[in-house]
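*Asks:*
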Amino acid sequence: TIDVDTAGAGAKIDDTMYGVFYEDINRAADGGLYAELVQNRSFEYEPADNRNYTPLTSWDTKGAAKVVNDGGRLHERNRNYLSLAAGSSVTNSGYNTGIAVEKGKRYDFSVWARTDRAGGAPLTLTLHDASGELAAARRVTARGGWAKYKASFTATRTSTAGRLTVASGADAALDMISLFPRDTYKGRENGLRKDLAEKIAALEPGFLRFPGGCLVNTGSHEAYDEKSGWQRKRSYQWKDTIGPVEQRATNSNFWGYNQSYGLGYYEYFQFAEDTGAMPLPVVPALVTGCGQNKATDDPALLKRHIQDTLDLIEFANGPVSSEWGKKRARMGHPKPFGLTHLAVGNEENLPEEFFARFKEFRAAIEAKYPEITVISNSGPDDSGSTFDKAWQLNRDANVAMVDEHYYNSPQWFLENNDRYDSYDRRGPEVFLGEYASQGNTFGNALSEAAFMTGLERNADVVKLASYAPLLANEDYVQWKPNMIWFDNDQSWGSANYETQKLFMRNVGDEVVPSKASGTPATSGPITGAVGLSTWATSAAYDDVSVTGADGEPLFSDDFSAGDGRWTKAAGKGTWTVEDGAYVQSDETVENTLVTAGDKGWQNYDLKVKATKKSG
Ligand code: AHR
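Following our numbering, the numbering of the sequence shown begins with 10 at its first residue and continues without gaps.
1. Is the CB-CB distance between Arg-197 and Ala-294 below 9 Å?
2. Go to Pro-490, then tell me how far its alpha helix (DSSP H) extends in each direction, as first and last residue.
3. Taking the beta carbon of Thr-259 as the centre, do at least 16 other beta carbons fall within 10 Å, making it buried, or is it exposed?
4. Between the Cα of Arg-166 and those of Thr-150, Lys-114, Thr-25 and Arg-202, spot the shortest distance and give me the residue it belongs to.
5. Output needed for Asp-192: all residues of its chain with C-beta closer than 8 Å, excluding positions within five of it in sequence on either side, in chain order.
6. State buried or exposed for Lys-472, treating a residue as buried only when at least 16 other CB atoms are found within 10 Å of its CB.
7. Tell me whether Ile-11 is buried or exposed, calling it buried when 16 or more other Cβ atoms sit within 10 Å of its Cβ.
8. Can you grab the Cα-Cα spacing for the pair Glu-32 / Asn-355, in whole Å?
9. If we ignore side chains and look at the alpha-carbon of each, how far apart do Val-470 and Glu-519 end up?
10. For Asp-412, which of helix, strand or coil comes out of DSSP?
11. By the DSSP assignment, the beta strand (DSSP E) with Glu-171 in it spans what residues?
12. Taking the beta strand (DSSP E) that Val-353 falls in, what are its first and last residues?
13. Taking the alpha carbon of Tyr-485 as the reference point, which residue from Ala-20, Arg-36, Asp-14 and Tyr-274 has its own alpha carbon closest?
14. Can you give me the Cβ contacts of Gly-107 inside the same chain, cut-off strictly under 8 Å, excluding the 5 residues immediately before and after it?
15. Classify Lys-208 as buried or exposed, calling it buried when 16 or more other Cβ atoms lie within 10 Å of its own Cβ.
16. Kindly indicate which residue of Ala-468, Gly-19, Tyr-277 and Asn-386 has the alpha-carbon position closest to the one of Leu-201.
17. Could you pull the start and end residues of the beta strand (DSSP E) that Gly-502 belongs to?
18. Who are Arg-123's beta bridge partners in DSSP?
19. Specify the secondary structure class of Trp-421 as computed by DSSP and reduced to three states.
20. In the structure shown, what three-state DSSP assignment does Asp-317 receive?
21. Please confirm whether Glu-255 and Lys-157 have their CB atoms less than 9 Å apart.
22. Between the region 371-384 and the region 402-410, do at least 3 Cβ pairs fall closer than 8 Å?
23. Where DSSP assigns a beta bridge to Leu-441, which residues make up the other side?
24. Quick one: is the Cβ of Asn-417 within less than 8 Å of any heavy atom of the ligand AHR?
25. Rounded to a whole number of angstroms, what is the C-alpha to C-alpha distance between Pro-522 and Pro-343?
26. Where does Gln-509 land, buried or exposed, given buried means 16+ other C-beta within 10 angstroms?
27. Verify the contact flag: Ile-22, CB atom, against every heavy atom of the ligand AHR, threshold strictly below 8 Å.
28. Does the beta-carbon of Asn-482, which I'm using as the reference point, lie nearer than 8 Å to any heavy atom of the ligand AHR?
29. Cα-Cα, which of Ser-446, Glu-465 and Gly-463 is closest to Tyr-506?
30. Quick one: is the Cβ of Glu-356 within less than 8 Å of any heavy atom of the ligand AHR?
31. May I ask which residues mark the beginning and end of the beta strand (DSSP E) holding Ile-108?
32. Just to confirm, is the Cβ distance from Lys-336 to Phe-324 under 9 Å?
33. Can you grab the Cα-Cα spacing for the pair Lys-489 / Gly-448, in whole Å?
34. Do you know whose CA, among Gly-80, Ala-309, Lys-248 and Ser-269, lies nearest Pro-290's CA?
35. What is the DSSP secondary structure of Ile-384, reduced to helix, strand or coil?
36. Which whole-angstrom value is the C-beta distance of Met-513 and Tyr-27, which I expect to be below 8 Å?
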């Protein structure tokens, strides 16, 4: 029974309550949301990024082709380039199984090249797979010093295993060999992969937290050094990621791969605007987290990072006459992006050290931009002494909002619906910046949905919440579960994605107080349609029955605590099976096996094989 107090006043729910947390993890950017199809386009991969890398990773060479790092480079931040002798070629294999192209679609090629040959260097460009050409070959002729050359292909076949070959008729230097689909999200140049961006946009996210996570506050906090060149494994420093793409230094990130920064701060702000989400950047606090636990004690470096953060606000919001506002305008967005919230730090495990630095960031930001909400965090845990200490420091410092993160079992999510009922309303507001139950099953999604009703009930104190992580390329996985999965041509939302979509697209205005009674919490029969997972614990349930889509009992049996195995060979009725096919009433279900252990709540997949008896 649900009693609804229609006259009662519950918490107001902000439109921004549910958002997304984007991190470049699981190749979410290069090979993912960033639509570039060529992998290692600027030959910057190094063993320092990942010991399996070389500057020619994902390239095959024919003839005399080598990567050079000398004063003839394209830019001080783009150190390596390719030297290709007359009659030689290089072929790129893209990500996953290769470059994915679709028949009839346009693909834009570009390359930076220079040659000292008087007649220029004719470059032949081909898009092909093992079965032959995927588009008519194109030709451009490079002449003189570094310049950008463009061509476009129209695919004559569809393939997910394409290759791009560049062959030169004369000695030439090449860099930034690039291929983009014309059809990017909102048709933007240097844009985003449409299916992925559309899946994110379909959530109607209230905010976009970016660019990480552990990606932000790990590694060296030093700046890229243009004199010595390599300064790899740097924390995410936003200034590295803006301006012309050929002038953006690459970096190797915490998750073990090279990131091109082609998808950088300007593109994130643009994406937030395109999806109607409030932008919410995270900057490093100079205390590394994510197991690194090191506080950088360098006042000059801290000052520089604080200044960078002030410059970031100017980049987002400043007038075109300001230094950083002008750079934004030059990149194509004279209008401010309307930044209102910014987080300093992520999961620092050293609360005292973090707070000393956080307070300096906050003081500088508040002095210049008092309208900006500066978000702190509570470390990596959802409870315990570090968590308590961090919260105490946050309260003592009158912090406006605290970022909490947790990844727990579905059981934890079911049991902690009331987590925020007792949070002190006088203290900081909560930004639940990362959470997920451990899995991508229907049961996980259900436990998150149950938990989210608790977030919503406490919308007066929980102001923002985002599932994490958002994206995963199935061939380059560092973290599971994830909300949206993809390969080089397809993407699919998890059950958890559907939960998020349900909540994000249906944000209420205010909570109507209600009470439920008679809710079967830990006893009673489980019912569910075949193909969905149901939850069972042998200790709590004696009678288990599974009903078909039409309400007919499909099968039922007793199993007692400790028994641990439940088998039932057959049942009759009309029901929907796992693959969505419809089974007629005179068909039999066979081979049904459910195993219930004694480990408390577990997820059981009902494996059903339907055999046709007749007809
Ligand atoms: O979401 C994956 C990781 O989990 C994030 O990078 C980090 O903040 C957390 O530990």
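Using N, Cα and C, we set each Cβ at its ideal position, and we do this for glycine too. Predicted model, so just to flag it, every value in this text is computed and none were measured.
*Replies:* Concretely, from the data shown:
1. As a first step, residue 197 must be located in the sequence shown, where it is residue number 188. As a first step, residue 294 must be located in the sequence shown, where it is residue number 285. No. Outside cutoff.
2. For the purposes of this step, residue 490 is taken as residue 481 along the sequence shown, with counting starting at 1. No alpha helix (DSSP H) contains Pro-490, which DSSP labels as neither H nor E.
3. Here residue 259 is taken as the residue at index 250 of the sequence shown, counted from 1. With 16 or more other Cβ atoms from the protein chains shown falling within 10 Å of its own Cβ, Thr-259 counts as buried.
4. Here residue 166 corresponds to residue number 157 of the sequence shown, with the count starting at 1. Measuring from the Cα of Arg-166, the nearest candidate turns out to be Lys-114.
5. Looking up residue 192 in the sequence shown gives position 183. Here the set comprises Lys-114, Arg-115 and Lys-203.
6. Position 463 of the sequence shown holds residue 472. Lys-472 is buried by the Cβ-count criterion.
7. Numbered from its first residue, the sequence shown carries residue 11 at position 2. Under this definition Ile-11 is an exposed residue.
8. Taking the sequence shown and counting its residues from 1, the one referred to as residue 32 is at position 23. Taking the sequence shown and counting its residues from 1, the one referred to as residue 355 is at position 346. Spanning the two alpha carbons is a distance of roughly 12 Å.
9. Looking up residue 470 in the sequence shown gives position 461. Looking up residue 519 in the sequence shown gives position 510. Going from the Cα of Val-470 to the Cα of Glu-519 covers about 13 Å.
10. The residue labelled residue 412 in the question sits at position 403 within the sequence shown. Here Asp-412 sits in strand by DSSP.
11. Within the sequence shown, residue 171 is the residue found at index 162, counting from 1. The amino acid at residue 171 is misidentified as Glu; the sequence shows Gly. 168-177 is the span of the beta strand (DSSP E), which, as asked, contains Gly-171.
12. Taking the sequence shown and counting its residues from 1, one reaches residue 353 at position 344. That run of the beta strand (DSSP E) goes 350-353.
13. Taking the first residue of the sequence shown as position 1, residue 485 is located at position 476. Nearest of Ala-20, Arg-36, Asp-14 and Tyr-274 to Tyr-485, Cα basis: Arg-36.
14. As a first step, residue 107 is located in the sequence shown; it is residue number 98 there, counting from the start. The answer, listed in chain order, is Asp-138, Ser-168, Thr-169, Ala-170, Gly-171, Arg-172 and Asn-497.
15. Reading the sequence shown from its first residue, position 199 is the one you call residue 208. Per the 10 Å Cβ criterion, buried.
16. Start at 1 with the first residue of the sequence shown, and residue 201 comes out as number 192. Residue Tyr-277 is the option with its Cα nearest to Leu-201.
17. Numbered from its first residue, the sequence shown carries residue 502 at position 493. Element bounds for Gly-502: 500-502.
18. Walking along the sequence shown from the start, residue 123 turns up at place 114. Bridge partners of Arg-123: Ala-182.
19. As a position in the sequence shown, residue 421 is number 412, starting the count at 1. The answer is helix: DSSP assigns Trp-421 an H, G or I state.
20. By 1-based counting over the sequence shown, the position of residue 317 is 308. Three-state DSSP puts Asp-317 in a helix.
21. Stepping through the sequence shown from its first residue, residue 255 is reached at position 246. Stepping through the sequence shown from its first residue, residue 157 is reached at position 148. Contact: yes.
22. yes
23. As a position in the sequence shown, residue 441 is number 432, starting the count at 1. Answer by DSSP bridge pairing, in chain order: Glu-413 and Ala-474.
24. Position 408 of the sequence shown, counted from the start, is the residue given in the question as residue 417. Asn-417: no, Cβ never under 8 Å from the ligand AHR.
25. By 1-based counting over the sequence shown, the position of residue 522 is 513. By 1-based counting over the sequence shown, the position of residue 343 is 334. Taking the straight line from one Cα to the other gives about 45 Å.
26. Stepping through the sequence shown from its first residue, residue 509 is reached at position 500. With 16 or more other Cβ atoms within 10 Å, it is buried.
27. Along the sequence shown, read from residue 1 onward, the residue named residue 22 stands at position 13. Flag unset: Cβ of Ile-22 not near the ligand AHR.
28. As a position in the sequence shown, residue 482 is number 473, starting the count at 1. Not under cutoff, so the answer is no.
29. The residue given as residue 506 occupies position 497 in the sequence shown. When each option's Cα is compared against that of Tyr-506, the closest is Ser-446.
30. Here residue 356 corresponds to residue number 347 of the sequence shown, with the count starting at 1. Checking every heavy atom of the ligand AHR against the Cβ of Glu-356, one is found closer than 8 Å.
31. The residue given as residue 108 occupies position 99 in the sequence shown. First-last of the beta strand (DSSP E) with Ile-108: 108-110.
32. Numbered from its first residue, the sequence shown carries residue 336 at position 327. Numbered from its first residue, the sequence shown carries residue 324 at position 315. In contact: Lys-336 and Phe-324 (Cβ atoms closer than 9 Å).
33. Stepping through the sequence shown from its first residue, residue 489 is reached at position 480. Stepping through the sequence shown from its first residue, residue 448 is reached at position 439. The straight-line gap from Cα to Cα measures roughly 7 Å.
34. Here residue 290 is taken as the residue at index 281 of the sequence shown, counted from 1. Nearest option by C-alpha distance: Lys-248.
35. As a first step, residue 384 must be located in the sequence shown, where it is residue number 375. Ile-384 falls in the strand class under three-state DSSP.
36. Along the sequence shown, one-based indexing puts residue 513 at 504. Along the sequence shown, one-based indexing puts residue 27 at 18. That pair is a contact at about 4 Å.
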